[in-house]
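Student:
Residue numbers (this note's numbering): 3 to 269.
#1: Leaving out five residues on either side along the sequence, give the residues of the same chain with a beta carbon under 8 Å from the beta carbon of residue 111.
#2: Hey, is the region 234–241 in contact with the region 190–201, meaning 3+ C-beta pairs nearer than 8 Å?
#3: Do you know how far the Cα of residue 214 is from the Cα of residue 181?
#4: State the Cα-Cα distance for the pair residue 96 and residue 61, rounded to the nearest angstrom.
#5: Quick one: is residue 266 buried, meaning 16 or more other Cβ sit within 10 Å of its Cβ, or exposed?
#6: What did DSSP end up calling residue 182 once you bin it into helix, strand or coil?
#7: Among all the DSSP beta bridges, which residues are the ones paired with residue 56?
#8: Can you name the residues that DSSP bridges to residue 251?
#9: Nearest CA to the CA of residue 108: which residue from 89, 93 and 77?
#10: Just curious, the alpha helix (DSSP H) that residue 67 is in, first and last residue?
#11: Measure the C-alpha to C-alpha separation of residue 156 and residue 56 and round it to an integer number of angstroms.
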């Protein structure tokens, strides 16, 4: 329903009353997609997909108590996530001071939220406080990348310093849960397998080594890939998602001229 797709002869709608939305993750200090319940306004919009040309029926797969407890409206994204990317867009478009411009919104963000984003952009070198917080060259490139500004800086510097391949994997892995899993009945064995891949006592470098090993095993065929994942207690689906995200990051870097476009996957 939220995509505005209407099929005239739909009669029944089954609504799980669930959605994914961007939210701030205080642990990773990044925005991430989180699954949660929809608002009642969204549920009513989904209900409206049925009964266009005849009587329709909508079934919301929650109890009436839960439905009544849903928020009336979804909280605007501007109030849920950091404003780093938005501030960069305001600067790039020459719309003036971010605090003043965002203050014209129907539900403006708190001034402290705007100030926190401006401070972060100064710290990472995207804004130059010596020139009234104008965009730096790094800030301009970050404004063109639809990713968290810290991930964007990581990708750009990785390309500049010639280490784009491991950086693509690290950046992609930061957006997902760990590919390692620990079955209840094999936790000790799983911990040993993870430690065997350990590198510099770093979780992210261990994940990088695990991903590289998976890519090499995958080249040797499905059987080798499956054996590698079983031996090291790795989730193939998570590794595939990391590979997909790597491709998206590579495409973004290629779109701004930092790397040549290449095929899918890789180290």
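For glycine and all other residues, C-beta sits at the position ideal for the given N, C-alpha and C. Small disclaimer: the values here were computed from a predicted structure and weren't measured.
Tutor: Here's the rundown:
#1: So the list reads 80, 81, 85 and 104, once near-sequence residues are dropped.
#2: The region 234–241 makes contact with the region 190–201; the number of CB pairs closer than 8 Å reaches 3 or more.
#3: Computed Cα separation, rounded: 12 Å.
#4: 47 Å
#5: Confidence is the limiting factor: at residue 266 the pLDDT is only 48, short of 50, which leaves the residue's position unreliable, though a coordinate-based value still follows. Around the Cβ of residue 266, a 10 Å sphere holds fewer than 16 other Cβ atoms; the residue is exposed.
#6: strand
#7: According to DSSP, residue 56 bridges with nothing at all.
#8: Answer is none; residue 251 lacks a bridge partner.
#9: 77
#10: 66–71
#11: 54 Å
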